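**Student:** Residue numbers are given in the working numbering: position 122 of the sequence shown equals residue 125, and the series is strictly consecutive.
Quick reminder that beta carbons are idealized off the backbone N, C-alpha and C, glycines included.
If you're wondering where the values come from, they're calculated on a predicted model, not measured in any experiment.
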Amino acid sequence: MMCKKWIVVLLVMVTLGACNMSQKTSKSAVRIGVLQYVEHNSLTAARKGFEEELAQQGYKNGEEVVLTVQNAQGEQQQLQTMAEQLVRDSDFILAIATPSAQTLAMVSEKVPVLFTAVTDPVSAELVTSLENPSGLLSGTSDRVPLDKQVMLMKVLYPTIQKVGVLYHTSEQNSHIQVEELTQLLDKEQIEVVVKGVTNSHDIQDTASRLMKEVEVIMVPTDNLIASTMTLLGDLSTKYKVPIIGGSIDMVKEGGLFTYGTDYEFLGRQTAKMAIRLLKGEKIETMAVEYPKVVNLYVNEEIAKVLGIDTSILLKN
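Now the structure itself:
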């Protein structure tokens with residue numbers, strides 16, 4: 004009987020100790036909410052880069068900060084619910100991708116929101132200007148130099164005449180990039196065939212039809228397209244039509260090449276902005292930042308299947 008009593012006492016002491024530790028952590032740690040729009044490699048890389056940079060700079064999850072990660076899996080209703088919850092429970096929030104940032108912008112009245120993987124924060128109505136956001140939001144853009152993409156495409160295909168552009172019609176970022184791509188290709192006197200999809204179920208048929216019409220397909224940094232790049236890569240090799248991706252991860256999963264953003268580094272770049280917040284800087288005075296690392300990435304496996312010598316790209 005004596006042993007059982009001691010066991011009970013010890014259990015109670017352990018339980019109380021755990022409660023006290025939890026209370027201590029919740030009072031002293033900064034609560035950071037993370038709202039990711041959908042699961043795909045680029046956005047996940049940005050999130051991991053953010054978390055790892057915070058830890059390396061001395062802000063470890065569960066100690067100095069407590070991260071609460073939510074992923075809406077592309078569902079608008081979930082996005083709204085998760086945004087409302089994070090606003091209630093966070094000191095500031097990381098929004099990954101434009102839909103997340105836009106939802107939080109509507110929900111948050113006091114909680115600062117850092118965003119990443121947003122192509123055009125001004126057109127998305129997240130900030131009044133890149134230099135002076137003057138509100139509750141700021142962060143990092145993943146905008147890539149599309150003129151460089153077009154230039155490199157012409158290096159590989161100097162006589163190209165017809166290019167397809169595939170994008171998701173519901174993404175504001177994609178509309179902006181498609182418009183810019185169209186203008187750039189028009190200047191080069193290249194015919195452009197633009198196809199939009201409304202959901203992932205449309206992609207196989209739409210992409211297959213597009214590949215029968217064009218020589219090359221260009222895709223923007225589009226969340227839906229990025230999440231289906233493995234399928235698009237299979238179609239690319241089937242129809243022998245290369246895809247120029249909007250990001251490195253899109254190329255890794257089936258594209259031919261990109262001159263694009265390193266999303267892990269972009270997440271780290273955003274974490275450094277978060278640390279400035281943690282040290283007391285006001286978000287309304289923090290200018291939006293463009294990617295500090297933009298790399299040429301070539302998928303040599305895809306190039307081999309398509310019979311393309313991409314060595315010339317490295318000279319440009």
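1. Could you check what DSSP says for H43 in three-state terms: helix, strand or coil?
2. Is F118 near A104, with beta carbons less than 7 Å apart?
3. Label D312 either buried or exposed according to how many other C-beta atoms from any shown protein chain fall within 10 Å of its C-beta, with 16 as the threshold for buried.
4. Sorted by chain position, which residues of the same chain lie with C-beta nearer than 6 Å to E372's C-beta, five sequence neighbours on each side aside?
5. Locate the alpha helix (DSSP H) running through L89, then write down its first and last residues.
6. Are the beta-carbon atoms of P223 and Q180 separated by less than 7 Å?
7. At the level of alpha carbons, what is the spacing between L234 and G257?
8. With which residues is L140 paired in a DSSP beta bridge?
9. Can you give me the start and stop residues for the alpha helix (DSSP H) that G236 sits inside?
10. Considering Cα atoms alone, identify which of F260, E191, S111, G263 is closest to I163.
11. Using DSSP bridges, identify the partner residues of F260.
12. Check whether the stretch 75-84 and the stretch 136-149 touch, using three or more Cβ-Cβ pairs below 8 Å as the test.
13. Can you give me the C-alpha to C-alpha distance between V69 and P115, rounded to a whole angstrom?
14. With respect to the beta strand (DSSP E) encompassing L2, which residues constitute its N-terminal and C-terminal limits?
15. So for N74, helix, strand or coil by DSSP?
16. Could you pull the DSSP bridge partners for L169 from this structure?
17. Where does C22 fall in DSSP's three states?
18. With a threshold of 6 Å on Cβ separation, who are the neighbours of V121 within its own chain once the five nearest residues in sequence on each side are excluded?
19. Applying the 10 Å Cβ sphere with the 16-neighbour rule, what's the burial state of L227?
20. Taking the beta strand (DSSP E) that V219 belongs to, which residues open and close that run?
21. With distance defined between alpha-carbon atoms, name the residue in L38, S111, P148 nearest to Y293.
22. Find the nearest neighbour of E87 within the set N64, E112, K63, judged by alpha-carbon distance.
23. Going along the chain, which unbroken runs of the alpha helix (DSSP H) with 4 or more residues stay wholly within the stretch 263-292?
24. For L38, which residues does DSSP report across the bridge?
25. Is the beta carbon of T201 closer than 7 Å to that of V308?
26. Please report the Cβ distance between Y262 and V219, rounded to the nearest whole angstrom; I am assuming they are in contact, meaning their Cβ atoms lie under 8 Å.
**Tutor:** Checking against the coordinates, here is how it stands:
1. coil
2. yes
3. Burial check for D312: the Cβ neighbour count within 10 Å stays below 16, so the residue is exposed.
4. Nothing about residue 372 can be read from this structure; the chain reaches only from 4 to 319.
5. First-last of the alpha helix (DSSP H) with L89: 79-92.
6. yes
7. 8 Å
8. V116
9. 232-242
10. E191
11. I247, V301
12. no
13. Each residue's alpha carbon lies about 16 Å from the other.
14. Nothing about residue 2 can be reported from this structure: the residues present for the chain run from 4 to 319 only.
15. Per DSSP, reduced to three states, the secondary structure at N74 is strand.
16. K198
17. Note that C22 scores a pLDDT of 34, beneath 50, so its modelled location is shaky and nothing firm can be said.
18. T101, A104, S144
19. buried
20. 219-221
21. P148
22. E112
23. Counting only runs of 4 or more, we get 266-281.
24. Q73, A98
25. no
26. Their Cβ separation, rounded to whole angstroms, is 15 Å, which puts Y262 and V219 out of contact at 8 Å.
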